[in-house]
Amino acid sequence: MDKIIIGLLASSHPESTKIILLERLREHISKLDETDFFKDVVFTCIQNMHSRNDYSQLYMSVVCDLLCSIESHLSDNSTIHLSQQITSSFTPLALNSFPEALSTFIKKILKRHSMIFIQLSLENPGCLSTLYSGLQIVLDYNLLNDNKQLYFLIQHALVKSSLHKSTSYDLCDDMYLTFVSNIFQVLVTLSSQFPSGNFPSYSFDIELVESIARSVITFVTEPKLSSYQSNTCILTERLTSLVQDVLVSSSYDCHYISVASMLSELQEFCSDDSLLSETICRFIDQLGQRHITNIETCFTVLRRLTLWLTWSELATYRSSLDLWLIGFQCEMFKKFPPTGSQSLTNYWSDFMCWQFKFVLELMGRLSLPHDSTVYALAFFILSGDDKHDQYADDIVSHLAPVLSKLLSMYVDDPLNEECKDILLKMYTISRLLDPLVISTGNDLSRTCIQKKHLVTLLGKFHSQFNDENSPEIWSTRTKIYKLEFLTKFGPQAGIRIRKIWERWNLTSTIRLVSIHPTTVKVSICLGFDFSKCCI
Numbered sequence: 023m024d025k026i027i028i029g030l031l032a033s034s035h036p037e038s039t040k041i042i043l044l045e046r047l048r049e050h051i052s053k054l055d056e057t058d059f060f061k062d063v064v065f066t067c068i069q070n071m072h073s074r075n076d077y078s079q080l081y082m083s084v085v086c087d088l089l090c091s092i093e094s095h096l097s098d099n100s101t102i103h104l105s106q107q108i109t110s111s112f113t114p115l116a117l118n119s120f121p122e123a124l125s126t127f128i129k130k131i132l133k134r135h136s137m138i139f140i141q142l143s144l145e146n147p148g149c150l151s152t153l154y155s156g157l158q159i160v161l162d163y164n165l166l167n168d169n170k171q172l173y174f175l176i177q178h179a180l181v182k183s184s185l186h187k188s189t190s191y192d193l194c195d196d197m198y199l200t201f202v203s204n205i206f207q208v209l210v211t212l213s214s215q216f217p218s219g220n221f222p223s224y225s226f227d228i229e230l231v232e233s234i235a236r237s238v239i240t241f242v243t244e245p246k247l248s249s250y251q252s253n254t255c256i257l258t259e260r261l262t263s264l265v266q267d268v269l270v271s272s273s274y275d276c277h278y279i280s281v282a283s284m285l286s287e288l289q290e291f292c293s294d295d296s297l298l299s300e301t302i303c304r305f306i307d308q309l310g311q312r313h314i315t316n317i318e319t320c321f322t323v324l325r326r327l328t329l330w331l332t333w334s335e336l337a338t339y340r341s342s343l344d345l346w347l348i349g350f351q352c353e354m355f356k357k358f359p360p361t362g363s364q365s366l367t368n369y370w371s372d373f374m375c376w377q378f379k380f381v382l383e384l385m386g387r388l389s390l391p392h393d394s395t396v397y398a399l400a401f402f403i404l405s406g407d408d409k410h411d412q413y414a415d416d417i418v419s420h421l422a423p424v425l426s427k428l429l430s431m432y433v434d435d436p437l438n439e440e441c442k443d444i445l446l447k448m449y450t451i452s453r454l455l456d457p458l459v460i461s462t463g464n465d466l467s468r469t470c471i472q473k474k475h476l477v478t479l480l481g482k483f484h485s486q487f488n489d490e491n492s493p494e495i496w497s498t499r500t501k502i503y504k505l506e507f508l509t510k511f512g513p514q515a516g517i518r519i520r521k522i523w524e525r526w527n528l529t530s531t532i533r534l535v536s537i538h539p540t541t542v543k544v545s546i547c548l549g550f551d552f553s554k555c556c557i
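Here the sequence shown stands for residues 23 to 557, where the numbers follow the numbering used here.
Quick look at the structure:
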């Protein structure tokens, strides 16, 4: 029958006749229990259809239906044989030029081949070579497109292999490095399923991202290389390079999810503050030296790092991603000083206005913001010099609803310690902002009026707290957000700021007063009539 199929395809019969005969052959083949003796026929058909471009879509569809009938009853060995014939004859680029029906069929063969290898690795988790081969096929031929079944199979295999106790793996060192790169590429491809601005909305999507990221870190931090002396250092360097390439590439605008999840997992791996500080500083130094050559690239990276904060609100556990963001931003303050020129001043002022608006909008969408979001908000509002005058309107219009919402949450659940902690931090931000916006003299300019509205807003919020700290203490504390201190902190800025906040021991000096529902007015500021804003 194999000769009949080949002869029919090569014959000069009209397509209509061939279609009728091919459909009858398909009906016969579909009744067979196994079709291994047709495996070479399938490859011959592929070659025949690739060599000509004058077939009708109907004819192509009928031939592919016949091939699918054969494929459905092939053994695993025959599938592997057929797949190897295809990959040795056609490059991934060549497959892109195939007719859609034929390309879909070929990808089906390749996908099955990859899944056989991945399934074998599940049965023998110490055998990374089969998992390596399966991933290589998946990535080379772009088989992942929104294929949740394949993602979950890969995740399962990665988890099982990463947890397998072994003194070594069956991969040479260079292949192991490629293997780590391939897992990261799977994560990047998964992240591309979420368009820029749209975040994973299902828990299984989030957990899938986390799990794959965790596997990458496990393979990096617990390597089984045979010849390298500094296993973890070499692998971490490779991973860092991959993350940085994604972060600065114009092709990966939506892949901050993969970067954020990866560094969240890396942060979890750091066993103490000194290791975390060393890891963050090394990452920031390398990123700045290797990739940041102009202000445009600087702000592209900062924008993506700012978007990381969304991951802290989505993930099943919440990492302090503000440490990476603030550290990098302060390092960039040194490279592109906000006071270096008027154009740089304007660049930074406009960009940081976007940053705090983004964070406040993020907080408005959440039931309760994470610490990293609040620390980032403090940094965006307080750092630098004198930008509070220009953006007083924006601060009031975006800040008032957030403060109102948090107070309302506290009224509804006064025993909620997380809510109280966030309110305490927001109070701290407002007190640090207070001395920066107090107007002096009788200036009736618009700037003075804008700042007056902000002072009024802060005063109403402050009335909800008992505070043992004097205004002079708060004024002194604002110094940590001055540019001279931030640039001195450099890549350690995020870590240093958190430690300084801890030394302030806020819970022992500040307390929320008892709030009753009737005393709280929740309002949203509209337009620019901020005198009507209340909390």
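Every residue gets a Cβ at the ideal spot worked out from N, C-alpha and C, and that includes glycine.
Distance between beta carbons of residue j and residue i, contact taken as under 8 Å
{"i": "L166", "j": "L172", "result": "6 Å"}
{"i": "I41", "j": "V84", "result": "5 Å"}
{"i": "S342", "j": "Q289", "result": "7 Å"}
{"i": "G516", "j": "G349", "result": "5 Å"}
{"i": "F487", "j": "V535", "result": "6 Å"}
{"i": "L124", "j": "I68", "result": "7 Å"}
{"i": "I302", "j": "P513", "result": "6 Å"}
{"i": "L428", "j": "L445", "result": "5 Å"}
{"i": "I306", "j": "E353", "result": "5 Å"}
{"i": "K442", "j": "Y432", "result": "7 Å"}
{"i": "L44", "j": "L30", "result": "7 Å"}
{"i": "L209", "j": "V231", "result": "7 Å"}
Distance between residue j and residue i (C-alpha atoms, nearest Å)
{"i": "T367", "j": "W496", "result": "26 Å"}
{"i": "L382", "j": "R326", "result": "17 Å"}
{"i": "F291", "j": "A235", "result": "12 Å"}
{"i": "E37", "j": "I138", "result": "36 Å"}
{"i": "V63", "j": "D87", "result": "14 Å"}
{"i": "S59", "j": "L104", "result": "Correcting the residue type first, residue 59 is Phe in the shown sequence and not Ser. If I take the Cα positions, the gap works out to 11 Å."}
{"i": "S280", "j": "L298", "result": "19 Å"}
{"i": "E56", "j": "S110", "result": "25 Å"}
{"i": "S203", "j": "L261", "result": "7 Å"}
{"i": "Q177", "j": "L336", "result": "19 Å"}
{"i": "K129", "j": "Y163", "result": "8 Å"}
{"i": "R134", "j": "T101", "result": "7 Å"}
{"i": "D294", "j": "L285", "result": "15 Å"}
DSSP three-state assignment for residue i, whether helix, strand or coil
{"i": "L388", "result": "coil"}
{"i": "K25", "result": "helix"}
{"i": "N527", "result": "coil"}
{"i": "D55", "result": "coil"}
{"i": "F487", "result": "strand"}
{"i": "I451", "result": "helix"}
{"i": "Y77", "result": "coil"}
{"i": "L166", "result": "coil"}
{"i": "L437", "result": "coil"}
{"i": "T243", "result": "helix"}
Residue span of the beta strand (DSSP E) that contains residue i, given as start and end
{"i": "R533", "result": "532 to 534"}
Opening and closing residue of the alpha helix (DSSP H) in which residue i lies
{"i": "D98", "result": "98 to 111"}
{"i": "D196", "result": "195 to 213"}
{"i": "T328", "result": "317 to 336"}
{"i": "T10", "result": "Outside the modelled stretch of the chain, which goes from 23 to 557, sits residue 10, for which no answer is possible."}
{"i": "I348", "result": "344 to 357"}
{"i": "T152", "result": "150 to 162"}
{"i": "Q141", "result": "122 to 145"}
{"i": "D295", "result": "295 to 313"}
{"i": "D393", "result": "393 to 404"}
{"i": "T509", "result": "505 to 511"}
{"i": "T498", "result": "493 to 499"}
{"i": "P114", "result": "114 to 117"}
6 Å Cβ shell around residue i - same chain, five flanking residues per side excluded
{"i": "Q107", "result": "F65"}
{"i": "M374", "result": "F402"}
Cut-off 8 Å between Cβ atoms - residues of its own chain near residue i, not counting five sequence neighbours on either side
{"i": "L193", "result": "L150, S151, Y154, F201"}
{"i": "G148", "result": "S183, H186, S188, Y191, D192"}
{"i": "L212", "result": "L166, Y173, L230, V231, I234, S280"}
Beta-carbon proximity list for residue i, same chain, < 7 Å, skipping 5 on both sides
{"i": "K501", "result": "F507"}
{"i": "K379", "result": "D416, H420"}
{"i": "L144", "result": "H178, A179, K182"}
{"i": "S97", "result": "E56, D58"}
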